[in-house]
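With this note's numbering applied, the sequence shown corresponds to residues 12 to 426, in that order. We put the beta carbon where it would ideally sit given N, CA and C, even for glycine. Note that the structure is predicted; figures quoted are calculated from it, not measured. Take a look at the structure set out below.
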Amino acid sequence: MADAKEQKYFSLLYLIFAAFLLRIGFIIYGEWQDRTMVVKYTDIDYHVFTDAARHVYNGGSPYDRQTYRYTPLLAIILTPNVSLHNAFGKLLFILFDVITGYLLYKIQVERGFGEKISLISSCLWMFNPIAVTVSSRGNAESIMAFLVLATLYSALKDKPSLTATFLALAVHFKIYPIIYSLPIFLFIGSRSRESERLEIPNHVKQMPMFLFKYVLHPARVKLVSIFIMTLGSLTLALYYRYGFDFLEHTYLYHVTRTDPKHNFSVYFYMLYLTQNSPWTKVIGLMSFLPQMTLTVGLAFKHSKDICFCCFAQTFAFVTFNKVCTSQYFLWYLCLLPLVTPQISVTLFKAVVMALAWFTAQGMWLYFAYYLEFGGQNTFLQIWIASLWFFFVNLWILCEAVKKYIPLTSIKPKKL
């Protein structure tokens, strides 16, 4: 038994080490490409992060750097880019990326999957070329992936304090994880003895007492309290230090953002045609309706399986978002390895779905290339490609929900 456990440990350790070395190799290659080629490997955002960190290091505000639209915490933790080495941030991001792979393994084990499935789930992220490239180019999405998965792991371990803390940090870094608050609230405490004894009453008069006991479950009260205190404390402290610029660029900008530039969103062409008109705000607000309807509906429907619920919510949120860029795909790709064993589709159909997803992106990128580098007006073609991509994503989401196998049906098999 001890030898088997030791073998499992070393198998995982080797995978983590290999994944880390792979990313180091990409960073080294990226440094060479940046020096020798016109097209740079390093993400443009990484230069923005570094400039903001330089302002912080010199006692200023990260928002002295134009286009910095992130929490000051990111600039603060990247100050070693200035004081130590410019590549520090990339090393930090790939570290979070590899830890994300480890968390995927731990979550699958916690959910009842066996060693083989858990390792495969981890590998689907650790050796995912998209994840490897994004983190090694200096994109900070790996921090978000870590925070989201740490939140889910804490929830599965039934630790409301840790869950609330990680969720608050995730929402602070980027607003979108707020959609997880409802399913996590419904999930936390659901496996306790008190919840098992709490049955939905048959009589309407008993409903208020049921709701009172349900909402005021100790785990849920702790979750909400610590979430509000953590997020509130961070917000107040950073507002005190950086003023309204902090609120504007960390939160408000992303809520009110309507990007008329070409992106994957199905709304972009309408926003482009109606920019600087009252319809822009109307379209932006209308885009929230399908998003919120789907995310709330999925929360109530699938909250008992928190991992599948958050994946489906994120996929729907990104698909219907008024702005959608390539980095948004990582929001659900980091959750995909968790639910892959639960989506019962044939290998052929899975390949067709993947090809449709990549082909739709390829079509969009083809026309976007001629717009950006060829100077041709391909806005209409890009929008048609965005429509195709939208319907492909809608089809994949419907198939995932339809072919979803509840965790309770899989767990006894101990895959």
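Could you name the residues of the same chain whose beta carbon sits closer than 7 Å to that of residue i, not counting the 5 residues immediately before and after it, in chain order?
i      : result
Leu163 : Ile118, Ile317, Cys318 and Cys321
His313 : Phe319, Cys320 and Ala323
Ser242 : In the sequence under discussion, the amino acid at residue 242 is Leu, which differs from the Ser named in the question. Excluding positions up to five away in sequence, the list reads Ala179, Val182 and His183.
Ser355 : Lys414 and Ile416
Gly70  : none
Val307 : Leu193
Arg204 : Low per-residue confidence applies at Arg204: pLDDT is 48, beneath 50, and the placement is therefore not dependable, though the value from the model is reported in the following sentence. Here the set comprises nothing.
Thr90  : Ala64, Val67 and Tyr68
Arg231 : Phe196, Ile199 and Gly200
Val59  : Arg76, Thr78 and Tyr79
Ala166 : Thr174, Ile195, Phe198, Ile199 and Ile317
For a cutoff of 8 Å on Cβ pairs, would you count residue i as touching chain D?
i      : result
Leu163 : The structure shown has no chain D; it contains just one protein chain.
With residue i and residue j assumed to form a contact (beta carbons below 8 Å), what rounded beta-carbon distance in angstroms separates them?
i      : j      : result
Ile110 : Phe157 : 6 Å
Thr336 : Asn404 : With a Cβ gap of about 14 Å, Thr336 and Asn404 do not count as contacting.
Ala64  : Ala86  : 5 Å
Leu115 : Pro348 : 5 Å
Ser153 : Gly41  : So it is not a contact: roughly 15 Å between Cβ atoms.
Val334 : Ser276 : 5 Å
Ala361 : Trp375 : Actually they are not in contact, since the Cβ atoms of Ala361 and Trp375 sit about 22 Å apart, beyond 8 Å.
Tyr79  : His260 : 7 Å
Gly175 : Phe107 : According to the sequence displayed, residue 175 carries Ala and not Gly. Ala175 to Phe107, Cβ: 20 Å. No contact.
Ile189 : Leu344 : Ile189 to Leu344, Cβ: 20 Å. No contact.
Thr61  : Gly100 : 7 Å
On the DSSP bridge assignment, give the partners of residue i in chain order.
i      : result
Tyr187 : BP columns for Tyr187 are empty, so no partner.
Ile128 : Answer is none; Ile128 lacks a bridge partner.
Ile395 : The partner list for Ile395 (beta bridge, DSSP) is empty, contrary to what the question assumes.
Tyr415 : Ile354
Residue i by DSSP, collapsed to three states: which one?
i      : result
Tyr339 : helix
Tyr381 : helix
Ile354 : strand
Tyr79  : coil
Thr389 : coil
Ser201 : coil
Ile239 : helix
Ala181 : helix
Val49  : coil
Phe28  : helix
Glu207 : Any answer about Glu207 is weak, because its pLDDT of 47 lies below 50 and its placement is not dependable; what the coordinates show is given next. In the structure shown, Glu207 sits in a helix (DSSP, three-state: H, G or I).
Cys409 : helix
Ala151 : coil
Leu89  : coil
Lys170 : coil
Leu23  : helix
Leu346 : coil
Gly71  : coil
Val232 : helix
With a threshold of 8 Å on Cβ separation, who are the neighbours of residue i within its own chain once the five nearest residues in sequence on each side are excluded?
i      : result
Glu207 : With a pLDDT of 47 at Glu207, under the threshold of 50, the modelled position of this residue cannot be trusted; read the value that follows with caution. Nothing meets the Cβ criterion.
Asp56  : Gly149, Asn150 and Ala151
Gln302 : Ala327, Phe328, Phe331 and Asn332
Leu26  : Gly112, Leu130, Ser133, Cys134 and Met137
Phe402 : none
Ala248 : none
Looking only at its chain, what residues have a beta carbon closer than 6 Å to the beta carbon of residue i, apart from the 5 residues adjacent to it on each side?
i      : result
Tyr280 : Trp394
Met364 : Ile407
Pro352 : Ile128
**Q.** Residue ranges of each alpha helix (DSSP H) within the segment 255 to 303, 4 or longer
**A.** 255 to 258, 264 to 267, 279 to 284 and 290 to 297
Q. Which full runs of the beta strand (DSSP E) of 3+ residues lie inside the segment 92 to 147, going along the chain?
A. none
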